[in-house]
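Student:
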DNA sequence: CTTCGAATTGACTTTTACGTAAATGCCGTG
DNA sequence: CACGGCATTTACGTAAAAGTCAATTCGAAG
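Residue numbers (my numbering), protein chains in the order written: chain A, 1 to 128; chain B, 1001 to 1128.
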């Protein structure tokens, strides 16, 4: 496990811009340490970036991603907070299950669409 | 099957604003007919709205949604177009499968997080 | 020491997906 | 016919998530 990653290494690995990584830092999502002015990202930051991009691909906003990442962290110490956290987690899961239904439906329709296309090709006598 | 739906009926059904529906019309995603200046949405439009919102929940942009909806329509008549269409569909499916992986991973992490919270509650001696 | 390239900062710009407000049209009811 | 209640059009506003550009600055190589 590497100790540090430079900003450009990570932009290459994840195919994002430096601007994006700095933006995520401004938003408090990652916390690279500094050597002089240079950012040094640790494996934990790298892991956070993975999670951020995952959230992004699923259509979550930065604020939502921030919330979700909070949930991955150490659970809070106070009972009220814990119960609230569990409620929030449950809400997110419901949302994700909705997304999963949406996803399955969309995939099914695309399967259908592709099949129609292939049929059409066969009608036209194209040898696949 | 109703013949027409008014704009407000649909805004209530789908919990979106009239602005949003007019925007989708501007963007050429739906095509309500007019009685005078009033929009009348047909069942096909209603179905389109379903598909649009599904895409929206999955984080697709309007342009992407437009593309995806194109795919659901009648396949094109020309061979080159058909092959291109199949390629596009395949790309979208790959993207959706990626989203599905993202989704499963996120769900798994949330399960983990919730479990931690529950454990913590038990430690604190809270009777669930 | 100079120079070069990579990194940083800050400011400004852009795109997307609507929100919002103002002015006006249409229509059924009392 | 006046009215309330939707609808419409036009226009401007805005928040999120970066892109872009200019001016520096740092550190390492020559």
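Using N, Cα and C, we set each Cβ at its ideal position, and we do this for glycine too.
Below 8 Å on C-beta distance, what does residue 1057 (chain B) contact in chain A?
Tutor: What you label residue 1057 (chain B) is simply residue 57 of the second chain in a count that begins at 1. Simply 59, 98, 99 and 102.
Student: On the DSSP bridge list, what partners appear for residue 1038 (chain B)?
Tutor: Within the second chain, residue 1038 (chain B) is the residue found at index 38, counting from 1. Bridge partners of residue 1038 (chain B): B:1035.
Student: Does residue 1032 (chain B) pass the burial test, meaning 16 or more other C-beta atoms within 10 Å, or should it be called exposed?
Tutor: As a position in the second chain, residue 1032 (chain B) is number 32, starting the count at 1. Buried is the call here.
Student: Which residues in the same chain have their Cβ closer than 8 Å to the Cβ of residue 1018 (chain B), if we skip the five residues on either side of it in sequence?
Tutor: Here the question's residue 1018 (chain B) lines up with position 18 in the second chain. Correct list, in chain order: 1007, 1008 and 1011.
Student: Between B:1077, B:1115, B:1040 and B:1052, which lies nearest to residue 103 (chain A) when the distance is taken from Cα to Cα?
Tutor: Translated into positions along the first chain, residue 103 (chain A) becomes position 103. Among B:1077, B:1115, B:1040 and B:1052, the Cα nearest to that of residue 103 (chain A) is on B:1052.
Student: How far does the alpha helix (DSSP H) with residue 85 (chain A) in it reach, from first residue to last?
Tutor: The count along the first chain starts at 1 and reaches residue 85 (chain A) at position 85. 79 to 123 is the span of the alpha helix (DSSP H), which, as asked, contains residue 85 (chain A).
Student: Can you check which of these residues, A:36, A:23 and A:75, is closest to residue 1124 (chain B) by C-alpha distance?
Tutor: Taking the first residue of the second chain as position 1, residue 1124 (chain B) is located at position 124. Measuring from the Cα of residue 1124 (chain B), the nearest candidate turns out to be A:75.
Student: Among all the DSSP beta bridges, which residues are the ones paired with residue 5 (chain A)?
Tutor: Taking the first chain and counting its residues from 1, one reaches residue 5 (chain A) at position 5. Answer is A:41, bridged to residue 5 (chain A).
Student: Residue 16 (chain A) lies in the alpha helix (DSSP H); which residues open and close that run?
Tutor: For the purposes of this step, residue 16 (chain A) is identified with residue 16 of the first chain, where counting begins at 1. Per DSSP, residue 16 (chain A) belongs to no alpha helix (DSSP H) and is neither H nor E.
Student: For residue 1091 (chain B), does the count of other Cβ atoms within 10 angstroms reach 16, so buried, or fall short, so exposed?
Tutor: As a first step, residue 1091 (chain B) is located in the second chain; it is residue number 91 there, counting from the start. Under this definition residue 1091 (chain B) is an exposed residue.
Student: Compute the Euclidean distance between the alpha carbons of residue 111 (chain A) and residue 1048 (chain B), then round it to the nearest angstrom.
Tutor: On the first chain, residue 111 (chain A) is found 111 positions in, with the first residue counted as 1. On the second chain, residue 1048 (chain B) is found 48 positions in, with the first residue counted as 1. Spanning the two alpha carbons is a distance of roughly 18 Å.
Student: Check residue 1048 (chain B) in the structure and name its three-state DSSP category.
Tutor: Stepping through the second chain from its first residue, residue 1048 (chain B) is reached at position 48. Helix.
Student: Take residue 1073 (chain B) as the anchor and find which of B:1029, B:1015 and B:1039 has the nearest alpha-carbon.
Tutor: Indexing the second chain from 1 puts residue 1073 (chain B) at position 73. The candidate whose alpha carbon is nearest that of residue 1073 (chain B) is B:1029.
Student: Return the residues of the segment 1011 to 1035 of chain B that lie within a Cβ-Cβ distance of less than 9 Å from chain A, sorted by chain order.
Tutor: Those would be none; no residue qualifies.
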